[in-house]
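Protein chains in written order, with the numbering used here: chain A, 4 to 439; chain B, 43 to 357. Okay, structure first, notes after.
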Amino acid sequence: MNNIPLILKREYFTRVKKKSFIIMTIVGPILMAALFIAPVWLAMADNDEVKTVTVYDKTGKYIEAFESTETLKFRFTQEQNAEKRREDFKNSGDNALLTILDTLSNDFVLYSEKTPDISIKEQISSNLEHFLEDRNYKKLGIDKAKLDSAKVKVTIETKTLTAEGEKTSSAELPIAIGFISAFIIYMFIFMYGVQVMRGVIEEKVNRVVEVLISSVKPFQLMAGKIIGIALVALTQFLLWAVLTGIIVGFVYAAFGSSMMPQGQDLSQIQNISSQQVENMMGNGQFSEIFLGLINFDWATMIFTFLIFFAGGYLLYASLFAAIGAAVDNETDNQQFMLPVTIPLILAIVAAQGIIKNPDGALAFWFSIIPFTSPIIMPMRVAMGRFEVWELALSVGLLIATFTATIWLAAKIYKVGILMYGKKISYKELWKWLKYK
Amino acid sequence: MTFENYKYKHMKILETQNIVKQFENHRALSEVSISVEQGTIFGLLGPNGAGKTTLIRIINQITAPDEGNVFLFGEKLKPEHIKNIGYLPEERGLYKKMKVGEQAMYFAQLKGMSKSDAKEKLKDWFRKFDILSWWDKKVEELSKGMQQKVQFIITVVHEPKLLIFDEPFSGFDPINTDILKKEILTLKEKGASVIFSTHNMESVEEVCDNIALINKSKKILDGKVSDIKNQFKTHIFEIVFEGNFNKFSASLTADYKILDNVQKENKSTLRVSLSEGKNPNDLLTKMLQFGNIISFNELIPSMHDVFIKAVNGNN
């Protein structure tokens with residue numbers, strides 16, 4: 004009698020129907036989408052506000068540099084007394100006060116009541132730079148139009164040589180994908196591994212397990228639970244990916260048109276950032292990322308990701324299940340939790356170093372040892388910095404190890420779930436492994 | 043009664059042969075053999091830690107015996123037999139966050155029932171216990187006693203041929219205990235066989251046909267309840283007598299010993315112990331010479347007395 008599908012269904016649906024799952028599923032993508040949208044939105048919101056700066060120019064030579072725009076107005080004052088000037092500024096409600104006391108020493112000071120506004124500072128310095136540059140050109144007899152026409156812009160395209168030929172790639176993109184995949188695997192193993200443990204403890208504490216165990220084999224119970232929760236993890240992951248995509252797409256579609264003209268306004272005022280915008284829109288970074296996304300080896304990546312996601316989860320979830328079976332309540336589990344979580348944490352910490360040196364000894368060993376490979380190997384695969392034999396060895400070892408941990412966990416589980424009121428030591432666990 | 047029925051009636055539904063189970067440093071069961079007949083209620087008795095739960099777990103295939111065999115319906119125990127057993131463990135519980143109906147459906151299906159069949163039978167039971175309104179409630183909203191009712195239903199809904207109840211009445215109030223007792227007897231009427239493990243000797247006397255007493259991993263006593271009680275008779279008689287007590291008492295030989303006597307006006311209530319082999323009729327004849335006998339009873343030990351005597355004797 005195979006009851007695994009029934010158990011799996013219960014484990015899956017009770018979790019998916021939980022309020023906390025539904026809330027997480029909705030809040031997660033909103034937070035993630037906010038990460039994409041917030042910077043743009045903030046720039047927009049910032050732009051709407053009209054800011055006013057009081058300018059005191061003792062030299063009287065810079066007046067031309069300050070031309071008011073729609074969003075930044077300049078007001079000039081002739082007040083000589085510094086005290087009085089500050090008093091006036093405070094009463095005026097202006098955003099900042101700029102004083103220019105000397106021509107020669109670039110004695111520009113920007114006062115404000117609250118934290119100085121970086122966009123104001125950048126605009127003023129850019130205005131001044133342009134103004135002074137123009138003056139210098141004139142002084143040196145340089146024709147500005149000629150100078151502009153002589154300027155050159157260089158973009159370096161990065162390409163990867165593959166068996167099928169060369170492909171445009173991005174240097175940054177694989178690192179990002181690698182790190183994101185490492186982090187996702189880490190997070191999901193941790194979150195859902197602990198859920199497996201909680202589930203086992205719940206059954207033990209509620210004494211449901213004795214009723215259950217007369218109808219199902221302990222192994223079926225454990226397997227149903229582990230697989231059921233894995234499907235919950237997968238559901239959550241897919242929902243997050245899809246919902247984040249929908250929200251980001253929707254927001255850009257709805258507000259994208261209103262963002263564009265203002266973005267251009269912004270670039271006209273802020274010459275420094277306008278160059279960046281040009282880089283993005285032109286043949287530079289933007290198309291590189293775009294082409295990189297298209298040319299990235301998604302098939303290998305997704306395949307590797309899924310194998311290591313599943314393998315890593317099975318390895319750790321079975322260990323967590325064994326812990327759950329061995330203890331009576333969640334406060335007792337510390338001594339067993341620590342050795343299981345240390346390799347996981349070590350892997351995610353090491354990942355930050357391995358990103359910089361994906362071919363080193365640390366990278367090699369962490370991607371071979373099955374307790375860390377689920378996090379490190381997909382990262383190296385994303386970066387394209389691996390040998391096929393390394394990948395094969397890593398997968399092979401992972402499969403062998405999770406088979407072994409499942410076997411071990413099943414033995415501990417079988418004895419542990421019916422054991423109450425006993426403080427369990429490692430010695431005790433060792434004995435359990437030998438029970439029939 | 044047809045021949046088939048007759049054969050069935052006396053078939054052994056369960057038989058364990060010389061079961062041995064050894065744990066790390068203590069022996070839970072040594073050579074325990076019991077047999078349960080079709081359509082009877084079998085009491086599995088014994089003090090705490092005697093090995094009852096281990097034996098029940100072996101029958102339920104939760105653990106395997108080190109030695110010995112278990113036969114169900116004359117076949118060696120195998121995984122498919124699980125569907126034919128209903129087990130209510132002493133340590134029992136339900137998923138707190140799950141709805142009652144949903145949960146009952148889950149357990150019924152784990153026992154191999156189809157979805158529609160489980161639903162129909164469960165609704166019948168819920169109606170019978172007048173708890174249909176709980177179907178969509180969460181378990182945590184129910185009282186302990188209510189949860190026990192649900193648990194009972196879960197144990198019996200798949201109509202198993204063998205039912206095993208481990209301390210079924212703990213946590214029940216007297217009214218619900220009575221309802222449950224009746225249900226267990228009804229199930230027996232319908233042909234189910236029951237193993238009943240309890241400390242409550244009163245209920246053993248009420249419902250059990252046969253018993254086995256396990257102490258310190260060994261079976262020390264088994265048989266029909268009535269036979270066992272006879273076996274433990276102490277040949278003490280309680281007599282209510284109206285007449286001359288002193289003369290009667292003086293006439294007794296050493297074979298008859300008066301244990302105590304409560305005198306109320308001229309009515310004596312006394313207990314007399316007879317030596318082995320002496321006939322109570324002789325005592326009666328003798329007493330009649332000194333007065334009238336109002337009542338004359340042999341004191342049959344209760345299962346409670348049997349339990350204590352057997353266990354203490356064994357220790």
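Heads up, the beta-carbon is just placed ideally off N, CA and C, and yes, glycines get one too. Source: prediction; values computed, not measured.
Name the chain B residues that come within less than 7 Å of residue i, Cβ to Cβ?
| i | result |
| --- | --- |
| isoleucine 216(A) | Ile104 |
| glutamate 213(A) | Pro131, Glu133, Arg134 |
| asparagine 6(A) | Leu152 |
| arginine 18(A) | Within 7 Å Cβ-Cβ: nothing; arginine 18(A) doesn't reach chain B, min ~10 Å. |
| lysine 425(A) | What lysine 425(A) touches in chain B: nothing, since even the nearest Cβ is about 12 Å away. |
Using the Cβ count rule (16 or more neighbours within 10 Å means buried), how would you classify residue i?
| i | result |
| --- | --- |
| methionine 147(B) | buried |
| valine 391(A) | exposed |
| methionine 386(A) | buried |
| glutamate 206(A) | buried |
| leucine 426(B) | Not covered by the structure: residue 426(B). The range shown for chain B is 43 to 357. |
| lysine 228(A) | buried |
| arginine 383(A) | buried |
| arginine 169(B) | exposed |
| phenylalanine 369(A) | buried |
| lysine 437(A) | exposed |
| lysine 414(A) | buried |
Could you work out which residues of chain A lie near residue i, taking near to mean beta carbons separated by less than 7 Å?
| i | result |
| --- | --- |
| lysine 138(B) | Asn209 |
| glutamine 151(B) | Leu9 |
| isoleucine 262(B) | Those do not exist, as isoleucine 262(B) stays about 26 Å from chain A at its closest Cβ, beyond 7 Å. |
Over the uninterrupted beta strand (DSSP E) stretch that includes residue i, give me the two end residues.
| i | result |
| --- | --- |
| aspartate 302(B) | 298-306 |
| asparagine 111(B) | 109-114 |
| leucine 86(B) | 83-87 |
| leucine 204(B) | 204-208 |
Residue i: which of the options sits nearest, CA to CA?
| i | options | result |
| --- | --- | --- |
| glutamine 239(A) | Phe374(A), Ile188(A), Lys147(A) | Ile188(A) |
| threonine 311(B) | Gly88(B), Gly85(B), Asn286(B) | Asn286(B) |
| isoleucine 427(A) | Leu11(A), Thr303(A), Val330(A) | Val330(A) |
| isoleucine 351(A) | Phe111(A), Ile250(A), Pro381(A), Ile230(A) | Pro381(A) |
| threonine 408(A) | Ala325(A), Leu347(A), Phe77(A) | Ala325(A) |
| isoleucine 372(A) | Ala412(A), Met340(A), Gln337(A), Leu318(A) | Leu318(A) |
| glycine 31(A) | Leu246(A), Ala328(A), Ala320(A) | Leu246(A) |
| proline 377(A) | Glu86(A), Tyr15(A), Gly181(A) | Gly181(A) |
| leucine 242(A) | Leu11(A), Arg18(A), Asn336(A), Ile29(A) | Ile29(A) |
| glutamate 79(B) | Asp302(B), Tyr298(B), Lys271(B), Asn252(B) | Asn252(B) |
| valine 251(A) | Thr17(A), Ile40(A), Ile7(A) | Ile40(A) |
| proline 322(B) | Asn257(B), Leu341(B), Gln305(B), Thr219(B) | Leu341(B) |
| isoleucine 127(B) | Lys141(B), Ile104(B), Glu109(B) | Ile104(B) |
| glycine 319(B) | Gly135(B), Lys186(B), Lys191(B), Ile278(B) | Ile278(B) |
Would you identify the three-state DSSP class for residue i, choosing helix, strand or coil?
| i | result |
| --- | --- |
| threonine 295(B) | coil |
| glutamine 271(A) | Note that glutamine 271(A) scores 41 on pLDDT, short of 50, meaning its location in the model is unreliable; the coordinates nonetheless yield the value given after this. In this structure, glutamine 271(A) counts as helix in the three-state DSSP scheme. |
| asparagine 354(B) | helix |
| serine 20(B) | With chain B covering 43 to 357 only, the question about residue 20(B) has no answer from this structure. |
| valine 314(B) | strand |
| arginine 134(B) | coil |
| glutamate 73(A) | coil |
| aspartate 110(A) | coil |
| isoleucine 229(A) | helix |
| glutamine 279(A) | With a pLDDT of 46 at glutamine 279(A), under the threshold of 50, the predicted position of this residue should be treated as unreliable, though the coordinate-derived value follows. Helix, per DSSP. |
| tyrosine 188(A) | The question names tyrosine, yet the displayed sequence has isoleucine at residue 188(A). Three-state DSSP puts isoleucine 188(A) in a helix. |
| aspartate 97(A) | coil |
| lysine 258(B) | coil |
| glutamate 316(A) | The question names glutamate, but residue 316(A) is tyrosine in the sequence shown. Tyrosine 316(A) falls in the helix class under three-state DSSP. |
| histidine 68(B) | strand |
| tyrosine 129(B) | strand |
| glycine 333(B) | strand |
| valine 398(A) | helix |
| threonine 276(B) | coil |
Looking at the unbroken alpha helix (DSSP H) that takes in residue i, where does it start and where does it end?
| i | result |
| --- | --- |
| threonine 95(B) | 94-101 |
| glutamate 14(A) | 7-19 |
| phenylalanine 339(A) | 337-357 |
| leucine 421(A) | Looking at the DSSP string, leucine 421(A) is not in any alpha helix (DSSP H), and its letter there is neither H nor E. |
| valine 56(A) | Element bounds for valine 56(A): not the alpha helix (DSSP H) but the beta strand (DSSP E), 54-60. |
| leucine 325(B) | 322-330 |
| phenylalanine 134(A) | 121-143 |
Measuring from the CB of residue i, is there a heavy atom of the ligand ADP at a distance below 7 Å?
| i | result |
| --- | --- |
| glutamate 70(A) | No copy of the ligand ADP occurs in the structure displayed, which carries no ligand at all. |
Below 8 Å on C-beta distance, what does residue i contact in chain A?
| i | result |
| --- | --- |
| tyrosine 298(B) | Going along chain A, no residue has its Cβ under 8 Å from tyrosine 298(B), so there is no contact; the nearest lies around 53 Å. |
Could you tell me which chain B residues have their CB closer than 8 Å to the CB of residue i, listed as they occur along the chain?
| i | result |
| --- | --- |
| lysine 434(A) | Glu66 |
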